[in-house]
Amino acid sequence: MKNIIFSKTSNKLLTNTFAVSGIALFCTILWGTAFPAIKIGYRLFDIQNTDTPSILIFAGARFAIAGLIVLAIGLIRKPKEMIIHKKDIIPIGILGFFQTFLQYLLLYIGLLNVSGTKSSLLTSVAAFGSVILSAVFFQSDKLSFKKIFGCLVGISGIVVITLSGGDLGGFSLIGDGLVILSNLSGAFGNVISKKISPNRNPVQISGWQLTFGGSALIITGLLFGGKLIFYNIQCVLILLYLAFMAGIAFMLWTMLLFHNPVSRVAVFNLFIPVFGTMWSGIFLNENIFTPVNLISLLLVCSGVFLVNFKKRT
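Residues in the sequence shown are numbered from 859 upward in steps of one, following our numbering.
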């Protein structure tokens, strides 16, 4: 049986508009569950807000396991292509630094000071950052007036949610600021992933960058005295879920970036607020049906439509 990931049929599938939209939306549904799941994980592992080293170990364990899951999938299909060579270590290591280590170092600390609903809305920054950075680094992915206007509409949604006041309002540097910087790091990671993807297996890239980034987080946490204690089976289950979710989503996302312009794929990050808000409301009992929330969601969803919509000729 031929490898479906790299067959001609698969290449056509991964560039088809409906397939790209469906796969990208599936990834954002998975990522949307991360916000409440991480907060639940903090409670299960009894990680306190001030225990940053243990938070880093928790994050690192999630991504290191996710990387191993992806590599295991790749070994079944293309075992030789999963081997990392000397020429791959630096570029994939840089990707792991921005897309896993730095992005989630900032995110996990920021989540301690931001609600699950608000943090999911702030991830819109990644979509707009990727659209702008893609235009800078790739001549074929030009920044048009429609894309700029779409970015401004979506960013206005972020402004509404951060400056409105109330439970979700107000700006905190160690909360909102870190979550925004986290997503800018992820946006830069999208560009790096596209840059290094030629002549490399996207499953290999995804698996190793997660393993590198996750291991770096674990080492950093251990050096500063962090620990991760498994109190019950629920701790194991939440960690495995977060790892599996991250591994599958990053693998699919990297494959989409391999076959499509960055802006076409990354703009779907704008749907993470929709699913993140929904899951936070379900699992954390946060009040999601407020005028501010609904207006913000409407604006960021309008932004994704404007950036990705193409008029048929």
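Where a beta carbon is used, it is the ideal one built from N, C-alpha and C, also for glycine.
Item: Reduced DSSP category for N1127 - H, G, I as helix; E, B as strand; rest coil; Value: helix
Item: Test item: CB-CB of A892 and I1096 under 9 Å; Value: no
Item: C-beta contact flag for L970 and G1033 at 9 Å; Value: yes
Item: CB-CB length for A877 against L883, believed under 8 Å; Value: Contact doesn't hold; Cβ gap of about 11 Å is too wide.
Item: Local conformation of V1011 per DSSP, three classes; Value: helix
Item: Residue range of the unbroken alpha helix (DSSP H) whose run includes F903; Value: No alpha helix (DSSP H) holds F903; DSSP gives it neither H nor E.
Item: C-alpha gap between C1159 and S988, whole angstroms; Value: 16 Å
Item: Within-9 Å CB hit, I1096 to chain D; Value: Of the protein chains in the structure, only one exists, and it is not chain D.
Item: C-alpha distance - V928 paired with G1083, whole-angstrom precision; Value: 29 Å
Item: Straight-line gap, K945 to Q1067 (C-alpha atoms, nearest Å); Value: 14 Å
Item: Selection from S1002, I947, T1078, V1123 that minimises the alpha carbon distance to Q1062; Value: I947
Item: G925 and S1064 closer than 9 Å at C-beta; Value: yes
Item: Where F903 falls, given that 16 or more other Cβ within 10 Å makes a residue buried; Value: buried
Item: Beta-carbon proximity of Q1092 to S1040, cut-off 9 Å; Value: no
Item: P937 (DSSP reduced to helix, strand or coil); Value: helix
Item: Residues of its chain near L1115, where Cβ-Cβ distance is below 7 Å and the 5 sequence neighbours each way are ignored; Value: N1048, S1051, K1052, S1055, V1123
Item: Assigned exposure category for I863 - 16 Cβ within 10 Å defines buried; Value: Low per-residue confidence applies at I863: pLDDT is 43, beneath 50, and the placement is therefore not dependable enough to give any value.
Item: Residue range of the alpha helix (DSSP H) that includes S1064; Value: 1060-1081
Item: Distance between L1155 and G1161 (C-alpha atoms, nearest Å); Value: 10 Å
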